[in-house]
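Participant:
2 protein chains.
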Amino acid sequence: MTTNDEQTLSHIKQFFSAYLQKAGHRKTRERFAILEEVYSRDDHFDADTLYMGMKSKNFRVSRATVYNTLDLLVNCNLVTKHLFNSGNAVYERAFGFYQHDHLVCKECGKITEFCDPRIHNINRKVAELMHFQVTEHKLTLYGLCANCVNKNTPHEAEY
Amino acid sequence: MTTNDEQTLSHIKQFFSAYLQKAGHRKTRERFAILEEVYSRDDHFDADTLYMGMKSKNFRVSRATVYNTLDLLVNCNLVTKHLFNSGNAVYERAFGFYQHDHLVCKECGKITEFCDPRIHNINRKVAELMHFQVTEHKLTLYGLCANCVNKNTPHEAEY
DNA sequence: ATCCCTGCAAAGGGTTTGCAGACGC
DNA sequence: GCGTCTGCAAACCCTTTGCAGGGAT
């Protein structure tokens, strides 16, 4: 991890610390350890994978605390939680990363990210038309990734 | 139900029938009863609500068959399945209705539909850029519906 | 010292599965 | 008649909850 990353991580910890204070939650070793574990990953992971990862490093932590802390991190926008079609929740770090959306391959399950700023125009328009106050959006495109398209007999594309 | 609706329903049953045949699945009374129950609703419902609805009409059916049949209906695009942030699946009929997306109120849970054709431009562009074959998309905007905005102290909107 | 947070294990709830009987083909 | 589909209930799996001990404030 570079010095730059460490500065960022330190910044993030301060942010979390301030959030906990403001919300009247305690600053525990476990909560910061889980934050660090989350930011050591750059993928989309589920709660149990995070838990097992910490266990394998001999960190004493419980599933309950992992779930509890992930909720806190989601609430202060340091983590994003997704429910793709698989049914169980996957998480990703969210601080200092571009707002982005997801491609999910129905064949191999691979998750890719993309960013199209035009989504914001849609959000603004719909908010105005429907008198709805949008706080966040989730856009997910399902289909076949480049690898799986090649592996399979041709499918029909919607677009 | 009007004559027109009945013609549509009959058309849908034929479509389902053809799908079952082609896929080598049997055409059972239960499957068509579930299809009919789904198309008698115009809301977003979960599997158990559908099951209870059929039970209350004294139709003998099991949860297992409801789940099984909903899967079949999703596979042949007669039904769409959604996992909003609540965690459990909700379904809606999908045949002959405009492709649309959803607004979910974080306060009262109300689900509203909207349609913005510009989403297709995004899908096309991303498909091209990422070499990804898009077969479907899900766009969901979370926030506060008009009712809940009025009930609450002002929140900050992202858009 | 208070009482929130933790680990552990058990409970919870939506969904899936196993099995014996029923029925589409 | 064969093999799949059904109903029923138990199993499953991810997530939440209850409880007693521990640590942040």
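Just so you know, the sequences run in chain order A and B. Reading the first sequence from the start, the letters are residues 1 to 159 in the working numbering. Reading the second sequence from the start, the letters are residues 160 to 318 in the working numbering. Where a beta carbon is used, it is the ideal one built from N, C-alpha and C, also for glycine.
Would you decide whether A/H137 is buried or exposed? Buried here means 16 or more other CB atoms lie within 10 Å of its CB.
Facilitator: Counting Cβ neighbours within 10 Å, A/H137 comes out buried, since at least 16 surround it.
Participant: Count the CB pairs spanning the region 272-280 of chain B and the region 126-133 of chain A that are closer than 8 Å, and state whether there are at least three.
Facilitator: Cβ pair count under 8 Å is three or more, so yes.
Participant: Do A/L163 and B/V293 have their CB atoms nearer than 7 Å?
Facilitator: This structure cannot settle anything about residue 163 of chain A, because the visible part of chain A is limited to 1 through 159.
Participant: Between the region 278-302 of chain B and chain A, which residues of the former have CB atoms less than 8 Å from a CB of the latter, in chain order?
Facilitator: Residues I278, H279, N280, I281, N282, R283, K284, V285, A286, L288, M289, H290, F291, Q292, V293, T294, E295, H296, K297, L298, T299, L300, Y301 and G302.
Participant: Exposed or buried, what is A/H102 when buried is set at 16 or more other beta-carbons lying within 10 Å of its beta-carbon?
Facilitator: The residue in question, A/H102, is buried, as its Cβ has 16 or more Cβ neighbours within 10 Å.
Participant: Going along chain B, which residues have a C-beta under 8 Å from A/F114?
Facilitator: Ordered by position in chain B, the residues that pass the 8 Å Cβ test against A/F114 are V285, L288 and M289.
Participant: Go to A/Y161, then tell me how far its beta strand (DSSP E) extends in each direction, as first and last residue.
Facilitator: In the structure as shown, chain A begins at 1 and stops at 159. Residue 161 of chain A is therefore absent and cannot be evaluated.
Participant: To the nearest angstrom, how far is the alpha carbon of B/S221 from that of A/E92?
Facilitator: Distance between the alpha carbons of B/S221 and A/E92: 38 Å.
Participant: Suppose you measure from the CA of A/Y51 to the CA of B/Y178; what does that come to, to the nearest Å?
Facilitator: Rounded to the nearest angstrom, the two C-alpha atoms are 43 Å apart.
Participant: If contacts are defined as beta-carbon pairs under 8 Å, then B/L232 and B/V197 qualify, I think. What distance do you get, rounded to the angstrom?
Facilitator: Correct: roughly 7 Å between the Cβ atoms.
Participant: For B/T208, which of helix, strand or coil comes out of DSSP?
Facilitator: It is helical.
Participant: Roughly how many angstroms separate the alpha carbons of B/E189 and B/T224, rounded to a whole number?
Facilitator: Answer to the nearest angstrom: the Cα atoms are 8 Å apart.
Participant: When the cut-off is 7 Å and only beta carbons count, does A/A146 lie next to chain B?
Facilitator: Closer than 7 Å to some Cβ of chain B, the Cβ of A/A146 qualifies, so yes.
Participant: Under the assumption that B/V249 contacts B/F204 (Cβ atoms under 8 Å), give the Cβ distance between them as a whole number of angstroms.
Facilitator: So it is a contact: roughly 6 Å between Cβ atoms.
Participant: Per DSSP, which one or two residues make a beta bridge with B/Y250?
Facilitator: B/Y250 is bridged to B/F204 and B/K240.
Participant: Have a look at A/R41 and A/M54 and give me their C-alpha separation to the nearest angstrom.
Facilitator: Answer to the nearest angstrom: the Cα atoms are 12 Å apart.
Participant: Assuming B/G302 and B/K265 form a contact by the criterion Cβ under 8 Å, report the distance between their Cβ atoms to the nearest whole angstrom.
Facilitator: Correct: roughly 6 Å between the Cβ atoms.
Participant: Under DSSP, the beta strand (DSSP E) around A/V104 begins and ends at which residues?
Facilitator: Where A/V104 is concerned, the enclosing beta strand (DSSP E) stretches over D101 to C105.
Participant: For A/A23 and A/F95, I'd like the C-alpha separation in whole angstroms.
Facilitator: Cα to Cα, A/A23 sits roughly 19 Å from A/F95.
Participant: With burial defined as no fewer than 16 other Cβ atoms inside 10 Å of the residue's Cβ, what is the status of A/T165: buried or exposed?
Facilitator: With chain A running from 1 to 159 in the structure shown, residue 165 of chain A is simply not present.
Participant: Please return the same chain residues whose Cβ sits closer than 8 Å to the Cβ of A/F15, not counting the five positions on each side in sequence.
Facilitator: Excluding positions up to five away in sequence, the list reads C76, L78 and F95.
Participant: Are any of the Cβ atoms in chain A nearer than 7 Å to that of B/V308?
Facilitator: Chain A, which has a Cβ nearer than 7 Å to the Cβ of B/V308, makes this yes.
Participant: From B/H170 to B/S176, what distance separates their C-alpha atoms?
Facilitator: Whole-angstrom Cα-Cα distance: 10 Å.
Participant: What does the Cβ neighbour count give for A/C108, buried or exposed, with the cut at 16 atoms within 10 Å?
Facilitator: A/C108 comes out exposed.
Participant: Would you list the one or two residues that DSSP bridges to A/E113?
Facilitator: DSSP, once it has assigned bridges, lists A/H102 as partnering A/E113.
Participant: Going by C-alpha distance, which of A/A146, A/C145, A/A47 and A/K57 is nearest A/N88?
Facilitator: Among A/A146, A/C145, A/A47 and A/K57, the Cα nearest to that of A/N88 is on A/A47.
Participant: Quick one: list the residues of chain A neighbouring B/G246, beta-carbon separation under 7 Å, in chain order.
Facilitator: What B/G246 touches in chain A: L83.
Participant: With a threshold of 16 other CB atoms inside 10 Å of the CB of B/N282, please say whether the residue is buried or exposed.
Facilitator: Under this definition B/N282 is a buried residue.
Participant: Return the chain-ordered list of same chain residues with a C-beta closer than 6 Å to the C-beta of A/V126, the five sequence neighbours on each side being excluded.
Facilitator: Excluding sequence neighbours, A/V126 sits near nothing in its chain.
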